[in-house]
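Colleague:
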Amino acid sequence: MTVGLGCDLGGGGSGDATVTGTVVNATDDPVVGAEVRIRFTDGTGDRVEEKDTTDSEGQFSKNIDVDEPTEVTITVLEQGVEEERTQEVSPDVGASNLRLKLEIGGEENREPGRPTDIVLQDQSASSIRVQESGGTSIVRLTFQVVDSTGKAIEADQAVDVDFRFGQRPEGTSLTPSTVETNGQGQATVNVSSGKEAGVVQVVAQTERPDGAAFQSKPVGLSVHGGLPNKCHFSLAPERFNFPGLIDLGVTTSIQVFVGDKYGNPVVPGTSVSFSANAGLIGGSLQTDDQGQGSVVLTSAQPLPDANGGVGTVRAATVGTDDVNTIVDPDNCPDPADTGNENTISKTIPIVFSGRPEVEVAPSSAELGETYDLKVRDVENGNPLAPGTSIQVQAEGTQVKAVGNTDVTLDDTALSDDDGDGFDAGDIVNMDQTTAFTFRVVKDPDPEVSETAEVETVTITVDGPNGNLEVVLTSTSSGTSTASSTQSLTSTEGATVRRTASGGTVVRAPQE
Numbered sequence: 008m009t010v011g012l013g014c015d016l017g018g019g020g021s022g023d024a025t026v027t028g029t030v031v032n033a034t035d036d037p038v039v040g041a042e043v044r045i046r047f048t049d050g051t052g053d054r055v056e057e058k059d060t061t062d063s064e065g066q067f068s069k070n071i072d073v074d075e076p077t078e079v080t081i082t083v084l085e086q087g088v089e090e091e092r093t094q095e096v097s098p099d100v101g102a103s104n105l106r107l108k109l110e111i112g113g114e115e116n117r118e119p120g121r122p123t124d125i126v127l128q129d130q131s132a133s134s135i136r137v138q139e140s141g142g143t144s145i146v147r148l149t150f151q152v153v154d155s156t157g158k159a160i161e162a163d164q165a166v167d168v169d170f171r172f173g174q175r176p177e178g179t180s181l182t183p184s185t186v187e188t189n190g191q192g193q194a195t196v197n198v199s200s201g202k203e204a205g206v207v208q209v210v211a212q213t214e215r216p217d218g219a220a221f222q223s224k225p226v227g228l229s230v231h232g233g234l235p236n237k238c239h240f241s242l243a244p245e246r247f248n249f250p251g252l253i254d255l256g257v258t259t260s261i262q263v264f265v266g267d268k269y270g271n272p273v274v275p276g277t278s279v280s281f282s283a284n285a286g287l288i289g290g291s292l293q294t295d296d297q298g299q300g301s302v303v304l305t306s307a308q309p310l311p312d313a314n315g316g317v318g319t320v321r322a323a324t325v326g327t328d329d330v331n332t333i334v335d336p337d338n339c340p341d342p343a344d345t346g347n348e349n350t351i352s353k354t355i356p357i358v359f360s361g362r363p364e365v366e367v368a369p370s371s372a373e374l375g376e377t378y379d380l381k382v383r384d385v386e387n388g389n390p391l392a393p394g395t396s397i398q399v400q401a402e403g404t405q406v407k408a409v410g411n412t413d414v415t416l417d418d419t420a421l422s423d424d425d426g427d428g429f430d431a432g433d434i435v436n437m438d439q440t441t442a443f444t445f446r447v448v449k450d451p452d453p454e455v456s457e458t459a460e461v462e463t464v465t466i467t468v469d470g471p472n473g474n475l476e477v478v479l480t481s482t483s484s485g486t487s488t489a490s491s492t493q494s495l496t497s498t499e500g501a502t503v504r505r506t507a508s509g510g511t512v513v514r515a516p517q518e
């Protein structure tokens, strides 16, 4: 057994040392499944024993917790034979080597023609599909038992080969479970998928004449999902509102999720096509192992002016007519509406928003006033993009602003309840994302003797659509006067327009 003892370079704790090794037999072949015991006394005086088992290469690796140079005893056991060696380890010491050999597997079992190893000879496919998906659901694995020279064992040395799963999705099966090798030392097993996708590992194992077990390396294959099912076809944007009217070339991503009728990801490489009635969008993609993929939507002509700034993106793929019995019919009615070789599609709205606009009334800084504030885009009066920050601050003596004074916008929500296609009228959270109120009130401070007085009210909008600041100042008469041009200042270059109702509309400058 070759053992490396030293610092754990793989990210263990500061007191970790890693013990690794390879257990071999009398003929220097790896010993598979040997028990490894590592015993030592820890820093508190307690006796500790760690265990491991050698893998298909006869190797093991174990982290032990030592904070100082410590004597460890390493014992390996297999077939009633054991070997033991003592070694000092420390987190500060590099690797050292130590060789132990278990006296099993003598030359009588290494003669040419006798079984010593099992290898994969042929695999009919690297992946299969879940049952009832329209694709291949069975893969054939052929293993070969060989002797010490690497030649296939002959019929007179035939052995029974047992097959088992290292891991599998639910429902995957092996047929048959045991096979006797033929004249070429071969044993073949069929792996059949169930109704779930996932990763499969198959291991073949047998015994030498002395009863020592040995096994193949795990053989991996993938079980993929079936054809797209409309109950499991989803389309989602990075955000439903992006600043696509600010400039050409602004981008956002559109992601698609495609599953089969069991809710498993579809076969990797399933094609999905895209189209849009505004801007430019990637034409198609092929799904990954998780049934997902994304394309980029770019602001470009034509812009969605006719629909009040709302465009649409459509994704389509080829679907299946298999009825999805595991989905609540109320959640996905008529799952068989579209059949094999017919199109499954999904359409979602995207708001192209522009530069910010603030409307505030009254338009001067006054104590005791209730302010109506609207924040929206200039082009269509739509909400600004999610993440936009709206802040209101009152300055003066013993005053403060209360109400909607610190707001971060959520994404815009839309619903085509009338079924006539998406437009600005389908924005369902318009008021929550554009209309706000606040008040300027007294903020008594017993340490201050001056009379409460407001000097300025500052409204700041900052986000993906741009920045805008509006500062309201007190009128000379001390009362709200909408017509006073001295009661408001704004970001340089912004346009200011008074409204008949006593408010003011301030639009961010156009860059």
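So the sequence shown is numbered by my numbering: it starts at 8 and just counts up by one. The beta carbon of each residue, even a glycine, is placed where N, CA and C say it ideally should be.
Give the straight-line distance between the Cα atoms of proline 244 and phenylalanine 281, rounded to the nearest whole angstrom.
Modeller: Walking along the sequence shown from the start, residue 244 turns up at place 237. Walking along the sequence shown from the start, residue 281 turns up at place 274. The straight-line gap from Cα to Cα measures roughly 13 Å.
Colleague: Considering only residues of the same chain and omitting the five flanking positions on each side of valine 455, which have a CB-CB separation below 8 Å?
Modeller: Start at 1 with the first residue of the sequence shown, and residue 455 comes out as number 448. Within the same chain, valine 455 has close Cβ partners Thr404, Gln405.
Colleague: Can you name the residues that DSSP bridges to histidine 239?
Modeller: Walking along the sequence shown from the start, residue 239 turns up at place 232. Note: histidine 239 sits in no beta bridge, so no partner.
Colleague: DSSP on glycine 192, reduced to helix/strand/coil?
Modeller: Taking the sequence shown and counting its residues from 1, one reaches residue 192 at position 185. Three-state result, glycine 192: coil.
Colleague: Based on DSSP bridge pairs, tell me the residues matched to glycine 318.
Modeller: As a position in the sequence shown, residue 318 is number 311, starting the count at 1. Answer is Ile357, bridged to glycine 318.
Colleague: Which residue marks the beginning of the alpha helix (DSSP H) containing threonine 440, and which one marks its end?
Modeller: The count along the sequence shown starts at 1 and reaches residue 440 at position 433. Threonine 440 -> alpha helix (DSSP H) spans 437-441.
Colleague: For glutamine 174, I'd like the list of residues in its chain whose CB is within less than 6 Å of its CB, leaving aside the five on either flank, ordered along the chain.
Modeller: As a first step, residue 174 must be located in the sequence shown, where it is residue number 167. Correct list, in chain order: Gln208.
Colleague: Got a sec, what are the start and stop residues for the beta strand (DSSP E) glycine 227 sits in?
Modeller: The residue you call residue 227 lines up with position 220 of the sequence shown. Looking at the DSSP string, the run of the beta strand (DSSP E) that includes glycine 227 is 226-231.
Colleague: Under DSSP, the beta strand (DSSP E) around lysine 381 begins and ends at which residues?
Modeller: Sequence index remark: in the sequence shown, residue 381 carries index 374 (1-based). 377-384 is the extent of the beta strand (DSSP E) around lysine 381.
Colleague: Does alanine 162 come out as helix, strand or coil in the three-state DSSP assignment?
Modeller: Here residue 162 is taken as the residue at index 155 of the sequence shown, counted from 1. It is helical.
Colleague: Using the DSSP secondary-structure output, state which residues sit across from asparagine 197 in a beta bridge.
Modeller: Against the sequence shown, residue 197 aligns to sequence position 190. Arg147, Thr182.
Colleague: Note the first and the last residue of the continuous beta strand (DSSP E) segment covering threonine 2.
Modeller: A query on residue 2 cannot be resolved here, the shown segment of the chain reaching from 8 to 518 and no further.
Colleague: Restricting to Cα atoms, I'd like to know which of Pro363, Val198, Glu366, Val126 is closest to threonine 188.
Modeller: Here residue 188 is taken as the residue at index 181 of the sequence shown, counted from 1. Threonine 188 has its Cα closest to that of Val126, out of Pro363, Val198, Glu366, Val126.
Colleague: Return the bridge partner residues of proline 272 from the DSSP annotation.
Modeller: As a position in the sequence shown, residue 272 is number 265, starting the count at 1. In the DSSP output, where bridge partners are listed per residue, proline 272 has Gly266.
Colleague: With burial defined as no fewer than 16 other Cβ atoms inside 10 Å of the residue's Cβ, what is the status of alanine 102: buried or exposed?
Modeller: Taking the first residue of the sequence shown as position 1, residue 102 is located at position 95. With a pLDDT of 43 at alanine 102, under the threshold of 50, the modelled position of this residue cannot be trusted, and the question is left open.
Colleague: From what residue to what residue does the beta strand (DSSP E) around lysine 69 run?
Modeller: Position 62 of the sequence shown, counted from the start, is the residue given in the question as residue 69. Where lysine 69 is concerned, the enclosing beta strand (DSSP E) stretches over 66-72.
Colleague: Give me the Cα-Cα distance between valine 10 and glycine 218, rounded to the nearest whole angstrom.
Modeller: Residue numbering aside, residue 10 sits at position 3 when the sequence shown is read from its first letter. Residue numbering aside, residue 218 sits at position 211 when the sequence shown is read from its first letter. Caution applies to valine 10, whose pLDDT of 48 falls short of 50 and renders its modelled position unreliable; the value that the coordinates give is listed next. If I take the Cα positions, the gap works out to 27 Å.
Colleague: With DSSP as the reference, identify every bridge partner of aspartate 469, one or two as the case may be.
Modeller: Counting from 1 along the sequence shown, the entry for residue 469 is found at position 462. DSSP output for aspartate 469 lists Ser396, Asn474 as bridge partner(s).
Colleague: Quick test of your reading: isoleucine 357 and leucine 304, contact by CB under 8 Å. State the CB separation rounded to the nearest angstrom.
Modeller: The count along the sequence shown starts at 1 and reaches residue 357 at position 350. The count along the sequence shown starts at 1 and reaches residue 304 at position 297. The Cβ separation is near 7 Å, so the contact holds.
Colleague: According to DSSP, is glycine 286 part of a helix, a strand, or is it coil?
Modeller: The sequence position of residue 286 within the sequence shown is 279, counting from 1. Glycine 286 falls in the coil class under three-state DSSP.
Colleague: Buried or exposed: arginine 514, going by 16 or more other Cβ atoms within 10 Å of its Cβ?
Modeller: The residue given as residue 514 occupies position 507 in the sequence shown. Its Cβ being crowded by 16 or more others within 10 Å, arginine 514 is buried.
Colleague: Would histidine 231 and arginine 136 qualify as a contact pair, given that the criterion is a beta-carbon distance under 9 Å?
Modeller: The residue given as residue 231 occupies position 224 in the sequence shown. The residue given as residue 136 occupies position 129 in the sequence shown. In contact: histidine 231 and arginine 136 (Cβ atoms closer than 9 Å).
Colleague: Ignore the nearest five residues each way along the sequence and tell me which others in serine 97's own chain have a CB closer than 8 Å to its CB.
Modeller: Stepping through the sequence shown from its first residue, residue 97 is reached at position 90. Cβ within range, chain order: Ala24, Val73, Glu75, Pro76, Thr77.
Colleague: Where do the N-terminal and C-terminal ends of the beta strand (DSSP E) with threonine 25 fall, by residue?
Modeller: For the purposes of this step, residue 25 is taken as residue 18 along the sequence shown, with counting starting at 1. That run of the beta strand (DSSP E) goes 23-29.
Colleague: Where DSSP assigns a beta bridge to serine 370, which residues make up the other side?
Modeller: Here residue 370 is taken as the residue at index 363 of the sequence shown, counted from 1. Per DSSP, none; premise fails for serine 370.
Colleague: Taking the CB atoms as reference points, tell me whether phenylalanine 445 and glycine 410 lie closer together than 9 Å.
Modeller: As a working mapping, residue 445 is identified with position 438 in the sequence shown. As a working mapping, residue 410 is identified with position 403 in the sequence shown. Yes, they are a contact pair.
Colleague: Tell me arginine 446's beta-bridge partners as DSSP assigns them.
Modeller: Within the sequence shown, residue 446 is the residue found at index 439, counting from 1. Thr377, Val409, per the DSSP bridge assignment.
Colleague: Taking 9 Å as the threshold (C-beta atoms), are valine 166 and asparagine 197 in contact?
Modeller: Against the sequence shown, residue 197 aligns to sequence position 190. Against the sequence shown, residue 166 aligns to sequence position 159. No, these two residues do not count as a Cβ contact at 9 Å.
Colleague: For valine 455, report the span of its beta strand (DSSP E) as first-last.
Modeller: Position 448 of the sequence shown, counting from 1, holds the residue named residue 455. Unbroken run through valine 455: none, as it is neither H nor E.
Colleague: Between the C-alpha atoms of phenylalanine 67 and phenylalanine 47, what's the straight-line distance to the nearest angstrom?
Modeller: For the purposes of this step, residue 67 is taken as residue 60 along the sequence shown, with counting starting at 1. For the purposes of this step, residue 47 is taken as residue 40 along the sequence shown, with counting starting at 1. Looking at the two C-alpha atoms, the distance is approximately 18 Å.
Colleague: Could you check the C-alpha separation between phenylalanine 443 and glutamate 462 for me, to the nearest Å?
Modeller: Position 436 of the sequence shown holds residue 443. Position 455 of the sequence shown holds residue 462. Distance between the alpha carbons of phenylalanine 443 and glutamate 462: 22 Å.
Colleague: Taking 7 Å as the limit between beta carbons, can you name the residues of its chain near arginine 44, skipping five residues before and five after?
Modeller: As a working mapping, residue 44 is identified with position 37 in the sequence shown. Taken in chain order, the residues that qualify are Glu56, Lys58, Thr82.
Colleague: What's the C-alpha gap between aspartate 295 and methionine 437?
Modeller: On the sequence shown, residue 295 is found 288 positions in, with the first residue counted as 1. On the sequence shown, residue 437 is found 430 positions in, with the first residue counted as 1. Aspartate 295 and methionine 437: Cα-Cα distance of roughly 36 Å.
Colleague: Taking Cβ to Cβ, would you say valine 324 is nearer than 9 Å to serine 278?
Modeller: Start at 1 with the first residue of the sequence shown, and residue 324 comes out as number 317. Start at 1 with the first residue of the sequence shown, and residue 278 comes out as number 271. In the sequence as displayed, the identity of residue 324 is threonine instead of valine. Going by C-beta atoms, threonine 324 is nearer than 9 Å to serine 278.
Colleague: Mapping DSSP to helix, strand and coil, what is glycine 218?
Modeller: For the purposes of this step, residue 218 is taken as residue 211 along the sequence shown, with counting starting at 1. In this structure, glycine 218 counts as coil in the three-state DSSP scheme.
Colleague: Just curious, the beta strand (DSSP E) that phenylalanine 47 is in, first and last residue?
Modeller: Locating residue 47 in the sequence shown gives position 40, where the first residue counts as 1. Phenylalanine 47 -> beta strand (DSSP E) spans 42-48.
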